Structure formats: C-alpha cells, structure tokens
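>
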Amino acid sequence: MKKVDHIGIAVKNLDETIPYYTETLGLKVLKIEEVASESVRVAFIDAGNVKLELLEPMSDQSAIHSFIEKKGEGIHHIAFGVEGIEERMNELREKGVRILNEQPKIGAGGAQVAFLHPKSSFGVLYELCDKSGLKG
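The numbers in our numbering rise by one with no breaks, and the one at position 26 of the sequence shown is 34.
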C-alpha cells in the first residue's frame, strides 16, 4: 500500500451535498463523473492531503443505494493507492484476505480497482486503487 488515495463517502444526492464541502468547508470539487459499472455518480473533493469521493447511487440496484438503506449516509470505504493491483490482490489472497472481485474493475477516472471484504478487514471496506497505467 502506497498511501490513502481517497475516502469514499456515500451520499443520497450530490447536488445537495456538494455545497457543504465547497461553501461550508471551503474545499474544491476536482471533477464529477458517472461510473456506470457501479451505477454511481461521483464527485472528487480536494481535501489537501487526501481526496474525498462522494458517491451518489444512480439506481436502486447500486451497492451505494443498498449501503445507504442499511447504514445511512457516511463513510463507505477507504482506498489505498497501489501499483500492480493483480499482484497485490494475489499477495492478499495468500495471506487469507477475501477479495470481492476476481479481477480488477475499472473505477472512477479509469483506475483499476478491487475491494477487500470487510469481514477480512475488521469491518472496514478497503479499496485497492491502481492508477499506474493512466496518463497524466
């Protein structure tokens, strides 16, 4: 694990939530995009040493929708920046960590991502986030 890349926060509505981060806290929105594979709309917020990823469900089938229904809005996951995501996944599997994805998926910004099962991580959903193949 190289660093905390971002902290994912589940929200019901980006348009209602973003002003809290920008106007109240004085932070800056870096970008907003849709991640069709996860059925979410995300906004990345610059919080200085880490990004916040606000996640709004785009459908009732979204995992974020289910999360909000069960637990309400709030912290959803912590993402670690990694390089060589498939190798990291294999290393973690060898150490007994359950991974929710067989293969990395494409996440926000085109990064390769995979999630560690919270039951393997003392109740925390961790994401591996590999941006090493991206330009820029």
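For glycine and all other residues, C-beta sits at the position ideal for the given N, C-alpha and C. Owing to the predicted nature of the structure, the values given are computational and were not obtained by experimental measurement.
1) Taking residue 117 as the reference, give the member of 19, 45 and 36 with the closest Cα.
2) Looking only at its chain, what residues have a beta carbon closer than 8 Å to the beta carbon of residue 124, apart from the 5 residues adjacent to it on each side?
3) In the DSSP assignment, find the unbroken alpha helix (DSSP H) run with residue 26 in it and report its ends.
4) Can you look up residue 65 in the DSSP assignment and give me helix, strand or coil?
5) If we ignore side chains and look at the alpha-carbon of each, how far apart do residue 97 and residue 126 end up?
6) Taking the beta strand (DSSP E) that residue 135 falls in, what are its first and last residues?
7) Quick check: what's the CA-CA separation for residue 94 versus residue 71?
8) I need the boundaries of the beta strand (DSSP E) containing residue 49, first residue and last residue.
9) Can you check whether the CB of residue 76 is closer than 8 Å to the CB of residue 20?
10) Tell me, to the nearest whole angstrom, how far the beta carbon of residue 139 is from that of residue 89; I am working on the premise that it is less than 8 Å.
11) Do you know offhand how far residue 73's Cα is from residue 103's?
12) Which of the three DSSP states, helix, strand or coil, is assigned to residue 130?
13) Is DSSP giving residue 5 helix, strand or coil here?
For this structure:
1) Numbered from its first residue, the sequence shown carries residue 117 at position 109. Nearest option by C-alpha distance: 45.
2) Translated into positions along the sequence shown, residue 124 becomes position 116. 100, 105, 106, 107, 108, 133, 134, 135 and 136, listed in sequence order.
3) Residue mapping note: residue 26 aligns to position 18 of the sequence shown, counting from 1. For residue 26, the uninterrupted alpha helix (DSSP H) segment begins and ends at 22-27.
4) Translated into the one-based positions of the sequence shown, residue 65 becomes position 57. For residue 65, the secondary structure class from DSSP, reduced to helix, strand or coil, is strand.
5) On the sequence shown, position 89 is the one that residue 97 refers to. On the sequence shown, position 118 is the one that residue 126 refers to. Straight-line Cα distance between these residues: approximately 15 Å.
6) Counting from one through the sequence shown, the residue named residue 135 turns up at place 127. Unbroken beta strand (DSSP E) run through residue 135: 134-138.
7) Here residue 94 corresponds to residue number 86 of the sequence shown, with the count starting at 1. Here residue 71 corresponds to residue number 63 of the sequence shown, with the count starting at 1. Their backbone Cα atoms lie some 23 Å apart in a straight line.
8) Reading the sequence shown from its first residue, position 41 is the one you call residue 49. It spans 48-54 - the beta strand (DSSP E) in which residue 49 sits, taken as one unbroken run.
9) Stepping through the sequence shown from its first residue, residue 20 is reached at position 12. Stepping through the sequence shown from its first residue, residue 76 is reached at position 68. A contact, by the Cβ cut-off of 8 Å.
10) Here the question's residue 139 lines up with position 131 in the sequence shown. Here the question's residue 89 lines up with position 81 in the sequence shown. Correct: roughly 7 Å between the Cβ atoms.
11) The sequence position of residue 73 within the sequence shown is 65, counting from 1. The sequence position of residue 103 within the sequence shown is 95, counting from 1. Going by the C-alpha atoms only, they are around 31 Å apart.
12) To locate residue 130, count along the sequence shown from 1; it is residue 122. Of the three classes helix, strand and coil, the one that applies to residue 130 here is coil, per DSSP.
13) Residue 5 lies beyond the stretch modelled for the chain, which goes from 9 to 144, so this question has no answer here.
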